[in-house]
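Here is the structure we will look at.
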Amino acid sequence: MTNIIIHTFLALLMPPLLLGVIAKTKAAFGGRVGAPFLQPYYDILRLLHKGSVFSTTTTWVFRAGPIVALATTAVAALLMPFGAHPAPISFSGDMILYAYLFALGRFFTMAAALDTGSSFEGMGSAREATYSCLAEPTLFFALITLSRLSGSYSLSQMLANVTPGAWLYAGASLLLLIGGMFIVLLVENCRIPFDDPNTHLELTMIHEVMVLDHSGPAFGIIQYAAALKLFVLGAFFIHLALPFATGNAYLDWGVFIASMLLLAVVIGVVESVMARLRLVRIPQLLVAATILAAFSTLLIIR
Amino acid sequence: MFAALIILPLIGAAVTWLIPYDRLRPKVFSLFALGHLGLTVQLLSNTPPPSAGGWFVLDALGKIVLLGTSVLFLFCAVYSIGYLYYRRERSNRILCVGMLVCLSAASMVTITHHLGLMWVALETTTISMAPLIYFNRNARSIEATWKYLLICSVGVALALIGLYFLAYATIVAKVEPSLLLDDLVRDAGKLSSGWVHAAFVFLLVGFGSKMGLAPLHSWKPDAYGEAPGLVGAMLAGGLVNLAFLALLRVYQLCLATKEITFFQNALVSMGLISMVFAAIFMARQADFKRMLAYSSVEHVGIMAVALGLGGKAIFGALFHILANSLSKGVMFLASGNIHRSYNSKNTSQVKGVLRRLPWSGALFLAGFIAITGSPPFAPFISEFTIISSAFIQGRVVVALIFIVSLAIIFIGMALTVLPMVMGEVPQESESTSYRDTVWTVGPPLGLLLLVFLLGVWIPEPLMSLLNEAAALLEVPR
Amino acid sequence: MYSFPQGFPDPAILAIIAALITGCAGIPGLFLRTAGAGQVIAVGMQMLAALLGIPAALALLFARATVTYTLNWGLPFGPCELAIDPLSAFFLLPVFAVGAAGSLFAVGYWPAAAHRSSERGLTFFFGLLTSSMALLVMARNGVFFLMTWEIMALSAYFLLVTEHEREDVRRAGILYLIATHTGSAALLVFFSLLVARTGSFLLPAAGSLSALPPMMMSVAVAALLGFGAKAGIMPLHVWLPSAHANAPSHVSAMMSGVMLKMGLYGIFRTLTFFHDPPLLWGAVLTVAGITSALAGIAFASAQHDLKRLLAYSSIENIGIITTALGVAMLGYSSHSHTLAYLGLAAALLHILNHSLFKPLLFLGSGVVIHATGTRDMNLMGGLGKRMPKAALLFLVGVVAICGIPPLNGFVSEFLLYLGLFSQLQGSSLAYIVLLAPALALVGGLAVISFTKLYGSVFLGTPRNSAAAHGHEAGATMLMPMGFFALCCVVIGLFPQFALGLISPALASFMPMATAAAGQSSEYMTILGRLSLLGILLLAASAAIALFWSLRLQRLPVLSAATWGCGYQRATARMQYVASSFSEIAISVFDGIIRQRSERPVLSGLFPRPARCVDLPSETVLERIITPAFTVAGSAFAFLRRLQHGQMHVYMIYIFATLFILMIWAH
Amino acid sequence: MISLADQFLVLVLLINFISLGTSRLIFSIRAVAAQGVILGILPGLIHPFSWHLVGITAVIIAAKGFIIPLLLNRAVRSAEIKREVEPFLGYVPTLLLGALFTALSFGFAGKLPLAPEHQNYMFVPASIATLMSGFLILTTRRKAISQVIGYLVLENGIFIFGLLLAEAMPIMVEAGALLDLLVGTFVMGIVINHISREFSSLDTSRLTSLKEE
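Protein chains in written order, with my numbering: chain A, 691 to 992; chain B, 3 to 479; chain C, 13 to 678; chain D, 35 to 247.
See the structure below:
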């Protein structure tokens, strides 16, 4: 019970912190002091208190976008085990639901973008659609590998079964998997090198350009949803990368939080040291990720 | 009774010859056709015993052909009332007389068991049809008539020498010389195989060329293409069956001589060749009447294959006699309307028939669906019977060739018929006064209803008749 | 076990009567003078048939029994048996539902007043199509099956060419007719082989045949060709896109929603004959299925003709169903019952789902075309504002067909995924799990296609005047859509009941698998979780929406033009159109999807207006079949010289025949 | 008598060759007429005397020997054609083929069993050979007239065979013979006249408008 409460709290409160950490890291690399860690919280709160502007061309679909995006991510968060602790809701096959929930959110975000009738937003949603479609198989290969490793069909168990022990006999495939999943993580959350959350050239944007017309609370919701998504996918990733469990419940929570922050730092580092890719390169990298994951699957099934 | 069947049309011929009015003649003509059908039904319901020393016998095979011919003839006659009304520009005396003479000869073919007499009657039908093909009195029709006449005469001459061979075989075998089917069947065992085989070959080629089996069919597209619609219907639905009946008689003989295998194989191969020919010539056929001719080649091929296969397929063959002649009637009568209304039989001019002649167009379309063997029409029944029995006998290759050519034929016909009936009437197409009337649409409609009826339900008496006939052609074990 | 409460008429009789009623639905209209009366009567009769037939079918389904009636007909093919087992009953449901819905839709979509010439035929053949399909699933006599099959195909043809004045409609019609007839030829072979095997024209009883004799392989091939062509499995799909695109929309709904399923029914029925289907069959089905799914949706993503896109997505869905069936057969042949159970459940459920959301979408497309007068999505846009109700219903269909939770499309795919994963642990079939990523890719492409569809039709600003003046559809058009949308939502939110609905059919198809897998209760609970989460999702959205609307009440809300990123004169023509939306995807999947593009060359400082055209091409048809026909045509043209009109050569033919036969005889 | 009959048959064969070899229509018409007369005499040679026989002989000689040739002559004159120009197959090859077919027919006839009373006649080979010659004419000539001639020769061949059956089934034979005459003479004569009216020529190579393009 307590675990479920903690889980919920973390899911609700922690995500923006990651953004803060990433920003701080990048600032550090840039030799700046940077905004405080809690800056994202302030931003979201401020947005919630701002007025909003709606384009005259939009319909209710436009408003549904942020809502569904957040709702889906929130529900996905309920399926995702944090650290050694199983998820509040878990049943065999939940990983498929997990994957498809993001598709739902994406669908509505793209629809909302198209609803504005702006060519830029259309552009963004077209890119989003294609890239996420290419990212989809990678996630499934990962799920297959994990399911085979753990012999179970629910996220909590398959992720719980990735232990240092598992690394000993399935290291190769897990390594490939991590490569693939990290790329997916970056794509899905629109981080550099695939997308630049705070670029200012709409032509090169993917995700940000889709939400150009959202303002005020809506934009706040979107920001928060994005953070939550990063958090949930990140949780998935650290299960593979840092599968450490102490056995003590509270200690495990600590480990989890620590490793999430570490992940944030890593992402920050990547963003600082890498440049943004040209758009044409992105599909190739995605296919590469798929191939990595596929290899890991083949290694494990064989 | 038999005499009446033959004499009545002759009287009709005489009467129509004497009638001076072109408007009145077709009506009288139809009355005689009606009377003939009445007689036919009468004969079928209670069959008189063989008469004239076994020369005249009406057996099940004859009954089927007689029924088909008589019914088709009646519909053609009624159609002629409406059709000839539009052809007032020329006298229709020859047409009516020729048709009735042909009917009388046809009845003769169906009721006689004397092969010689049957041959004479067949030849008579050939001759009596010649002037009808020339009805339109133009260069093309005279050419068609010439080819029809010469090829069919040569064919029938070959049949004659075939009969001579048979007769001579009886002389050689020192049995009482005769061309009565029953005598021949009785003495078949004694006849010398050399003569009999030669006879079979000549008879097959002779009657085959009259029936239009490929490659003896070359007169067909010309004659059918140039003849008026109702003459075409009579040729394709009536005369073809008579020739087939002659082949059936030969088949009975072969059964008796226990040397059936060669004849069966010959039939199957010629039938398949006909179907393949039809498939080839049907593709991209721009002249819809010639297309019908090739379709007729296809269907005689189907009958020949079925006869050659034997077994259950015989039933299919016999049923196909009726199915084919009725469906052909629909097609030809409808095509006659279309031809007259557009004054062209080339699909480049003839488009949008459903617009100009809604009924004829619909009938032509329905006829096409029926003749290509789609349920719920009669030809489907026979064709499926044939195919399935081919598979049951393990004649897979035959069945596959059969099915593939059916499919190709369907495609070919579809590519001709569908653009014809659908779409808009092109501007450049000649506009005539010819439109659908009760008299020109009624008969094909009636035929179509029959085709449909036989496709979903075969009445009990007909069924027993078909089975009885099939029993006559059973290969004895 | 088969007993109904006294006082109730036998549901099988009711179903048959319902089938006959639908057949007669169009007949009064043929004779009534007043335009439209026939249409209304037809709706009434179709509704009546649905009210009789659907409950009857459900009753039979849950009775888990087979009711057989033998009627003696005057045809020489033995007795004609009509039987309804759970499988038939299951397939009866969409027939009656779509039949009624479609005819109701027609009243608004194809009003007799506006289409005097074509309405009668349309109504008549629509009824005929419905009843032929209803009788088809009951037929147990091969010949009767063929008859209903052909009547179905032909009436579908006549429905398709309703607007035969249009050239492309005629061409689509001929293509369809040729394809379907070729399929029927394969079926002739199929049934003849069965007759040769069993000696009776009745269809073999379930599990009565063995697949071992080599002849059975040809039976299977014939069935796959014949039924696959109707179902539209690649590469036998060539007729499908143009046919669905050019038919009136409620006809497309019927064809895509139900008629394709008849092909699948045939495959299902054929598989029931055999008690030992080899692994190969399952493998073939699986490969064919996944190919159709991938290629189909890839083509779909390239289309900008609204109905062609839907048609290709039908190919995709049929592909998914076939894959599921193939997987099930693999499981069946290798005695891994879980796989068999899940695959079959997925297949059946997806059949049900597709016959709900595809009609919904086609009817929706009908509404759109009715409003805008075009099928080209590049010319639409902004209809969501003008026809909000239709837009909402259409959205339901779109989400459902993308297989996204919480709607029904997801449920069936979910079951299929479960099946694929279930073989992961040390089973000989472990490798089929590799289908999962492929399916995921299909899902992603589906999202691309339908986002594009929905976006370019309903969202944004109108791209031409027709779209701008689009009007909301009438009640008769919205009600059927509403019905289907409702079903989609209900199945999506309460999948466990859907599983209960299909399980009788499942049990009758694979009794042992169901018995052994037996864990249907387990899957019930899993699906229960799904429905729980679905409701949770809705609740969360509602909560967020509530929160946001509360905020909005407090805060100032302005409305302005869409921000053009600094560009002030953003016009409707600058929006992303359908073609541009799928541009990236096409560039990525180049090779699978080909399109003929005309790119104008712009020169000078002020280039004159030019337009750029992208035409997605139908690869199989344009690269294989059409050339083949051309070759055959020229070959025939060459052979036709045999008929050259030279008399003396005709004579030679005759005597040559004579000689050859002579030589053969002796 | 027997030898006489055979000599007549040889004559018939020679006439076949003449009609195969000649290019002048009038001449080949006369040849066929002569053949007809001979065929008319033949029954008299092999059958005992009877009035019925006389009748037959008279009719045949009249028809085959005079009426038909007259009709054909008129047709030729009306169409003003003298000779068969460029046949589809040259005269020499035609003759050679004719010789070949004659030989073949003798061989063929040798295979078949004969009734004892006909053992030493050459009716069968003669009839087959004549048939074949008719077929050769039909297939190698252009003019409608020549084709009718070919048909008549073919008929003569059949008639020769019919002689073997004459006493067994007279009616049959006569019916056949007469019907063929009917076709050969009247119908074809009529058609030929129509043709010459339509095309102002009897060249059947012009009758090729009905064909598949």
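Glycine included, every Cβ here is placed at the ideal spot set by N, Cα and C.
Do you know offhand how far VAL217/D's Cα is from PRO121/D's? Taking the first residue of the fourth sequence as position 1, residue 217/D is located at position 183. Taking the first residue of the fourth sequence as position 1, residue 121/D is located at position 87. Using only the alpha carbons, I get a separation of about 25 Å.
Applying a beta-carbon distance threshold of less than 7 Å, which residues of chain C neighbour LYS245/D? On the fourth sequence, position 211 is the one that residue 245/D refers to. Listed along the chain, the chain C residues whose CB falls inside 7 Å of the CB of LYS245/D are GLN655, HIS656, GLY657.
Under a CB-based cut-off of 9 Å, is TYR429/C close to chain A? Translated into positions along the third sequence, residue 429/C becomes position 417. Taking a beta-carbon distance threshold of 9 Å, TYR429/C counts as an interface residue toward chain A.
Rounded separation between LEU988/A and LEU351/C - CA only: Here residue 988/A corresponds to residue number 298 of the first sequence, with the count starting at 1. Here residue 351/C corresponds to residue number 339 of the third sequence, with the count starting at 1. C-alpha of LEU988/A to C-alpha of LEU351/C: approximately 21 Å in a straight line.
GLU91/B: first and last residue of the uninterrupted alpha helix (DSSP H) it sits in: Mapped onto the second sequence, residue 91/B falls at position 89. No alpha helix (DSSP H) contains GLU91/B, which DSSP labels as neither H nor E.
Looking at chain B, is there any beta carbon in it that lies within less than 9 Å of the beta carbon of GLY56/C? Translated into the one-based positions of the third sequence, residue 56/C becomes position 44. The beta carbon of GLY56/C does not come within 9 Å of any beta carbon belonging to chain B, so the residue lies off that interface.
Taking only beta carbons into account, state which residues of the region 622-654 of chain C come closer than 9 Å to chain B, listed in chain order. Interface annotation for the region 622-654 of chain C against chain B: PHE641, ALA644, GLY645, ALA647, PHE648, ALA649, LEU651, ARG652, LEU654, criterion Cβ-Cβ distance under 9 Å.
Got a sec: is the Cβ-Cβ distance from LYS268/D to anything in chain C below 9 Å? Nothing about residue 268/D can be read from this structure; chain D reaches only from 35 to 247.
Residue burial classification, ARG231/D (beta-carbon count within 10 angstroms, cutoff 16): Locating residue 231/D in the fourth sequence gives position 197, counting from the first residue. Result: exposed.
C-alpha gap between ILE972/A and ALA979/A, whole angstroms: Within the first sequence, residue 972/A is the residue found at index 282, counting from 1. Within the first sequence, residue 979/A is the residue found at index 289, counting from 1. Taken atom to atom, the span from the alpha-carbon of ILE972/A to that of ALA979/A is near 11 Å.
In chain order, what residues of the same chain lie with their CB nearer than 6 Å to the CB of CYS679/C, ignoring the 5 residues before and after it? A question about residue 679/C goes unanswered here, because the residues of chain C that appear run from 13 up to 678.
Opposite SER863/A in the DSSP bridges: which residues? For the purposes of this step, residue 863/A is taken as the residue at position 173 of the first sequence. Bridge partners of SER863/A: none, in fact.
Put ARG881/A into one of helix, strand or coil per three-state DSSP. Walking along the first sequence from the start, residue 881/A turns up at place 191. DSSP places ARG881/A in coil when its eight states are reduced to three.
What residue from LYS98/D, ILE226/D, LEU59/D has the CA that sits closest to VAL141/B's CA? By one-based count along the second sequence, residue 141/B stands at place 139. Per the sequence shown, residue 141/B should be read as Ala rather than Val. Checking every option, the nearest Cα to that of ALA141/B belongs to ILE226/D.
Establish whether the CB of GLU610/C and some CB of chain A are separated by less than 9 Å. Stepping through the third sequence from its first residue, residue 610/C is reached at position 598. Closer than 9 Å: no.
Straight-line CA distance for GLY396/C to LEU511/C? For the purposes of this step, residue 396/C is taken as residue 384 along the third sequence, with counting starting at 1. For the purposes of this step, residue 511/C is taken as residue 499 along the third sequence, with counting starting at 1. Taking the straight line joining both Cα atoms gives about 34 Å.
Using a Cβ-Cβ cutoff of less than 7 Å, which residues in the same chain neighbour GLY99/D once the five nearest sequence positions on both sides are dropped? By one-based count along the fourth sequence, residue 99/D stands at place 65. Spatial neighbours of GLY99/D in its own chain (CB-CB distance under 7 Å, excluding positions within 5 residues in sequence) are listed in chain order as ALA67, GLY70, VAL71, GLY74.
Grab the span of the beta strand (DSSP E) containing SER742/A for me, first residue to last. Here the question's residue 742/A lines up with position 52 in the first sequence. It spans 742-745 - the beta strand (DSSP E) in which SER742/A sits, taken as one unbroken run.
Chain C beta carbons: is any one of them nearer than 9 Å to that of PHE140/D? Looking up residue 140/D in the fourth sequence gives position 106. Under the 9 Å criterion on CB atoms, PHE140/D is classed as non-interfacial with respect to chain C.
Contact criterion: CB-CB distance below 9 Å. Does TRP85/C meet it with respect to chain A? As a position in the third sequence, residue 85/C is number 73, starting the count at 1. No, TRP85/C does not count as interfacial toward chain A.
Can you tell me whether MET35/D is helix, strand or coil according to DSSP? If you number the fourth sequence from 1, residue 35/D lands on position 1. A caution first: MET35/D carries a pLDDT of 49, below 50, which makes its placement in the model unreliable, though a value can still be read off. DSSP places MET35/D in coil when its eight states are reduced to three.
Cβ of GLY97/B within 9 Å of Cβ of PHE34/B? Counting from 1 along the second sequence, the entry for residue 97/B is found at position 95. Counting from 1 along the second sequence, the entry for residue 34/B is found at position 32. A small correction: the amino acid at residue 97/B is Leu; Gly does not occupy that position in the sequence shown. With respect to PHE34/B, LEU97/B sits apart: the two C-beta atoms are not nearer than 9 Å.
Could you name the residues of the same chain whose beta carbon sits closer than 6 Å to that of PHE601/C, not counting the 5 residues immediately before and after it, in chain order? Here residue 601/C refers to the residue found at position 589 when the third sequence is read from its first residue. Its chain contains ALA310 as the residues whose beta carbon lies nearer than 6 Å to that of PHE601/C, once the 5 sequence neighbours on both sides are disregarded; these appear in chain order.
Since VAL158/B and THR128/B should fall inside the 8 Å C-beta cutoff, what is the C-beta to C-beta distance between them, to a whole number of angstroms? As a position in the second sequence, residue 158/B is number 156, starting the count at 1. As a position in the second sequence, residue 128/B is number 126, starting the count at 1. THR128/B and VAL158/B do touch by the CB rule: their CB atoms are close to 6 Å apart, below 8 Å.
From the DSSP secondary-structure annotation, give me the bridge partner or partners of GLN607/C. One-based indexing of the third sequence puts residue 607/C at position 595. Beta-bridge annotation (DSSP): GLN607/C is paired with PRO628/C.
Beta bridge counterpart(s) of VAL79/C as assigned by DSSP: Counting from one through the third sequence, the residue named residue 79/C turns up at place 67. DSSP lists ILE96/C as partners of VAL79/C.
Element boundaries [beta strand (DSSP E), containing LEU614/C]: To locate residue 614/C, count along the third sequence from 1; it is residue 602. Unbroken run through LEU614/C: none, as it is neither H nor E.
Here's a check: name, in chain order, each residue in its chain whose Cβ is nearer than 6 Å to the Cβ of ALA319/B, leaving out the five neighbours to either side. Here residue 319/B refers to the residue found at position 317 when the second sequence is read from its first residue. Only MET305, ALA308, LEU309 meet the Cβ criterion.
Hey, could you find the ends of the beta strand (DSSP E) LEU257/B is sitting in? Looking up residue 257/B in the second sequence gives position 255. LEU257/B: not part of any beta strand (DSSP E); member of the alpha helix (DSSP H) spanning 242-259, first to last residue.
Take ILE405/B and list the residues in its own chain whose beta-carbon comes closer than 7 Å to its own, dropping the five residues that flank it on each side. In the second sequence, the residue the question calls residue 405/B occupies position 403. Closer than 7 Å at Cβ, skipping near neighbours: ILE389.
Taking the continuous alpha helix (DSSP H) assigned at LEU36/B, which residues delimit it? Your numbering for residue 36/B matches position 34 in the second sequence. LEU36/B -> alpha helix (DSSP H) spans 26-47.
For chain C, find out if any of its Cβ atoms is closer than 9 Å to the Cβ of GLU826/A; answer yes or no. Within the first sequence, numbered from 1, the residue matching residue 826/A stands at position 136. Yes, GLU826/A counts as interfacial toward chain C.
Any C-beta of chain B sitting closer than 9 Å to the C-beta of ILE186/C? Working through the third sequence from its first residue, we reach residue 186/C at position 174. True, the Cβ-Cβ gap to chain B drops below 9 Å.
Cβ-based burial, ARG611/C [other Cβ within 10 Å; buried from 16]: Translated into the one-based positions of the third sequence, residue 611/C becomes position 599. With fewer than 16 other CB atoms across the displayed protein chains lying within 10 angstroms of its CB, ARG611/C is exposed.
Closer than 9 Å, CB to CB, is TYR185/D near chain B or not? Here residue 185/D refers to the residue found at position 151 of the fourth sequence. Yes, because at least one Cβ of chain B sits closer than 9 Å to the Cβ of TYR185/D.
Judging by CA-CA distance, which residue of LEU893/A, HIS897/A, GLY958/A, VAL960/A is the nearest neighbour of CYS577/C? Counting from 1 along the third sequence, the entry for residue 577/C is found at position 565. Considering only alpha carbons, the answer is LEU893/A.
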